[in-house]
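Protein sequences appear in the order of chains A and B.
The first sequence begins at 1 in my numbering and counts up by one.
The second sequence begins at 1001 in my numbering and counts up by one.
The C-beta atom is built at its ideal place from N, Cα and C for all residues, glycine as well.
I have placed the structure first, in the form of structure tokens, so that the comments after it can refer back to it.
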Amino acid sequence: MKIYDTKKVNFKVFRYNKDTDRMPYYQNFSFDVAQDEVILDILNKIKWERDGSFSYRRSCRHGICGSCAIKVNNKPVLSCKERVFDLIEIFGYELVLEPQDMKSAIKDMVVDKERFWQKYSSVKPFLVANIEAHPKSKNIISQEEADRLEEADYCIQCGNCFFACPSVDVNGDYIGPAALLKAFRFNVDVRDNAKRDRLDIVNQESSGVWDCVKCYECAEACPKDLSPIDKITKLHNQIFEENMAKDNVATRHAVGFKDSIAKHGFLDEGELVRYSEGNIGVLKHVPEAIHMFKNGKLIMPWQMPKSQKLDEVDKLIKSCSTVKFK
Amino acid sequence: MENLKYAFFVGCTPKQSTPELMQSTLAIAQEFGIELVELVEATCCGASHMQDYDDFLSLVLNARNICYAEKRGLTIVTVCNTCQLNLATAKYRLDHDEKLKKRVNDKLNEVGLEYKGTSQIKHFLYALIDDYGIDAIASRVKKPLKDLYIAPFYGCHNIRPKEVHGASNGNEDPYKPTSLDRLIVALGGNSVEYGHKNKCCGFHVELQAPKTANKISGGAMLDAIENRADTMVTPCPLCHLRLDVQQKNISKEMGEDVSIPILHMPQMVGLALGIDPDKLGIKHNITKFTFA
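This is the structure:
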């Protein structure tokens, strides 16, 4: 008699040895999986029972070291936390195990995380404070002050958000969600003195917050539910609050919405592009504007739609605005 | 079946750069007997950018938008993924944080409004599939899309973050969404399986990082083309603006031709219902699509 319910699952596993293989390949392993088994159990079984050369990272086995992060059917997971039965519900009985990022694969599930750590260390991911080496009293922060971290200190540096980020994937300069979350974590720490230094780093064009594509992949990928994108939004807010926003296409793009809403209720698309790019920059959009015009996708300024009760909107904008630009 | 009735949050692009989305939405709603009451007081949702500048203001304005649906006692229908996410996020935050709700309502009271949390917010795709019903849609098909291989492109803001969307998108799994695939099959078409169906189009950095945006969309389009798609379909006008309007720029960035017609979800439905393509605004699509 079987004690546990089991399900037969085929695991299609990414295999690659950077030193000996020209190309990666996939190998199939089939197991009867019990309901409490997690992906890490499967990785262990492959290595211990089927092929001792199989490589993957593991350490704590309870979701705190961040070593065992991989992708299953393209879903970033922590192997030690992800139940196979839950994955079967989403994907069925064939599960594809791959490293976080195939381009960085060294051997099987093991990736080179150097890029991740480089970005991570670029944001001063530590407390910058003059704390005495031998303090006479305790240096305690209140619960309210701790709450401001919004659990960003729970990040385990697994790299799931970083390797799930499409902007990181195509732009080698972009700092990425994990490092930006870390910048937020120290920027809201009352003991820290380097907020403006960090904002200066994350405010750079091409590498900083302005290159977030707002896809929410990082929010889904995080095994600690820390929603890095929400912290990125807060870094945007800090940049405006600290009056550090540069006058460029990215900042004007965010600010332009307010002006348009005040005037029309709707966003004036043409005006937003002109305002964001400036009178000269906007010229590079002329070819697509002609294209759009020919296909009836551009309206004239006098055709601009207007929301009703704009007086209400105007009143709310005056009453609720929390920041100024320029 | 009792006729469905929604508060229609039109958003900005259907009245400007994607008139074909407006036309096709109204055409299929009429065909299905779905009543769309335009929220004429509504403003732009902030398109996921305004909150970067002024989060509180953006939240108050979206709360105001929802108030007008509550006044009418209706569920909101959106036709843009980003409108959907911005409104749904405002609702999620207000419904989960009494203090924040009070702060927002103090402001709304200044103009005689109150956010209560009584209206749901749904993208038109899910109103069709979950409320009207996939079988009911299938039963109305007059011209099955049987020779068409259609690559569904879901767009980020309809499927992520899962927590915010909850039941309003039928608890779609962000790593294995099925709604558009099911819709394509219900219309008699063939849904193309490809890795980028739930990926980003790059729209939100189009101005400040065009190279990034073009590479991201290019990757998705090449994937669809390599998997032999005749056309892609999307429920989001921002994805559409990227994939259709920017096709030349994307091809240039990728160094290969990514030409492929891009349909709006309601255009695809309308074609299968046998609606005249002119009434679906098909002439506005930049990469031309013909359906005999």
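For residue i, does the three-state DSSP call read helix, strand or coil?
i	result
Arg115 (chain A)	helix
Tyr16 (chain A)	coil
Asn1158 (chain B)	helix
Asp1173 (chain B)	strand
Lys1005 (chain B)	strand
Arg83 (chain A)	strand
Ser1184 (chain B)	Sequence inspection shows Ile at residue 1184 (chain B); the Ser mentioned does not correspond to that position. It is helical.
Lys1288 (chain B)	coil
Leu1113 (chain B)	coil
Met1232 (chain B)	strand
Ile1262 (chain B)	strand
Pro228 (chain A)	helix
Phe325 (chain A)	coil
Asn1198 (chain B)	coil
Ile131 (chain A)	coil
Leu95 (chain A)	strand
Ile280 (chain A)	helix
Thr1089 (chain B)	helix
Ile156 (chain A)	coil
Phe29 (chain A)	strand
Ile88 (chain A)	helix
Thr1075 (chain B)	coil
Which two residues bound the contiguous beta strand (DSSP E) that contains residue i?
i	result
Lys71 (chain A)	69 to 72
Pro338 (chain A)	Residue 338 (chain A) is absent from the model: chain A starts at 1 and stops at 326.
Phe1056 (chain B)	That residue, Phe1056 (chain B), is in no beta strand (DSSP E); its alpha helix (DSSP H) goes 1055 to 1072.
Asp36 (chain A)	Unbroken run through Asp36 (chain A): none, as it is neither H nor E.
Ile290 (chain A)	Premise fails: Ile290 (chain A) lies in the alpha helix (DSSP H), 286 to 294, not in any beta strand (DSSP E).
Pro1152 (chain B)	1149 to 1152
Ala105 (chain A)	105 to 107
Ile261 (chain A)	Careful: Ile261 (chain A) lies outside any beta strand (DSSP E), inside the alpha helix (DSSP H) at 249 to 264.
His1123 (chain B)	1121 to 1123
Within its chain, find whatever has a CB closer than 8 Å to the CB of residue i; leave out the 5 residues flanking it on each side and keep chain order.
i	result
Ala1224 (chain B)	Ala1151, Phe1153, Val1192, Tyr1194, His1196, Met1232, Ile1260
Gln1246 (chain B)	Glu1206, Ala1213, Asn1214, Ser1217
Val1077 (chain B)	Tyr1006, Ala1007, Phe1008, Phe1009, Leu1036, Lys1122, His1123, Phe1124, Ala1127
His1049 (chain B)	His1204
Once the 5 residues before and after residue i are set aside, which same chain residues still bring their CB inside 7 Å of it?
i	result
Thr1212 (chain B)	Gly1202, Val1205
Asn1105 (chain B)	Glu1114, Tyr1115
Cys158 (chain A)	Gly66, Ala69, Leu78, Pro223
Ala245 (chain A)	Ile239, Thr251, Phe325
Is there a C-beta anywhere in chain A that falls below 8 Å from the one on residue i?
i	result
Glu1110 (chain B)	yes
Pro1161 (chain B)	yes
Arg1182 (chain B)	no
Thr1178 (chain B)	no
Asp1257 (chain B)	no
Thr1018 (chain B)	yes
Phe1056 (chain B)	yes
Met1022 (chain B)	no
Asp1147 (chain B)	no
Met1265 (chain B)	no
Just checking my contact of residue i with residue j at CB under 8 Å: how many whole Å lie between their CB atoms?
i	j	result
Ile1121 (chain B)	Leu1087 (chain B)	5 Å
Met292 (chain A)	Leu298 (chain A)	5 Å
Val1033 (chain B)	Asn1003 (chain B)	Per the sequence shown, the amino acid found at residue 1033 (chain B) is Gly instead of Val. About 5 Å; that satisfies the 8 Å criterion.
Leu235 (chain A)	Val286 (chain A)	In fact, because the Cβ distance is near 34 Å, the residues do not count as touching under 8 Å.
Pro1161 (chain B)	Tyr216 (chain A)	5 Å
Under DSSP, the alpha helix (DSSP H) around residue i begins and ends at which residues?
i	result
Lys1279 (chain B)	Run containing Lys1279 (chain B): none; DSSP gives neither H nor E here.
Asn187 (chain A)	177 to 187
Gln1030 (chain B)	1019 to 1032
Phe163 (chain A)	160 to 164
Glu312 (chain A)	310 to 320
Val1141 (chain B)	Looking at the DSSP string, Val1141 (chain B) is not in any alpha helix (DSSP H), and its letter there is neither H nor E.
Ile1216 (chain B)	1210 to 1226
Ala194 (chain A)	Premise fails: Ala194 (chain A) is in no alpha helix (DSSP H) and is neither H nor E.
His986 (chain B)	There is no way to answer for residue 986 (chain B), as the model of chain B reaches only from 1001 to 1292.
Measuring only between beta-carbons, confirm whether residue i sits less than 8 Å from chain B.
i	result
Lys7 (chain A)	no
Pro356 (chain A)	Look at the range of chain A in this structure, 1 to 326, and you will see that residue 356 (chain A) is not part of it.
Gly296 (chain A)	yes
Glu269 (chain A)	yes
Tyr275 (chain A)	no
Asp247 (chain A)	no
Tyr26 (chain A)	no
Cys155 (chain A)	no
Asn73 (chain A)	yes
Tyr216 (chain A)	yes
Pro135 (chain A)	no
Quick one: residues in its chain with C-beta nearer than 6 Å to the C-beta of residue i, no 5 flanking neighbours on either side, listed in chain order?
i	result
Arg148 (chain A)	Val188
Asn1190 (chain B)	Tyr1149
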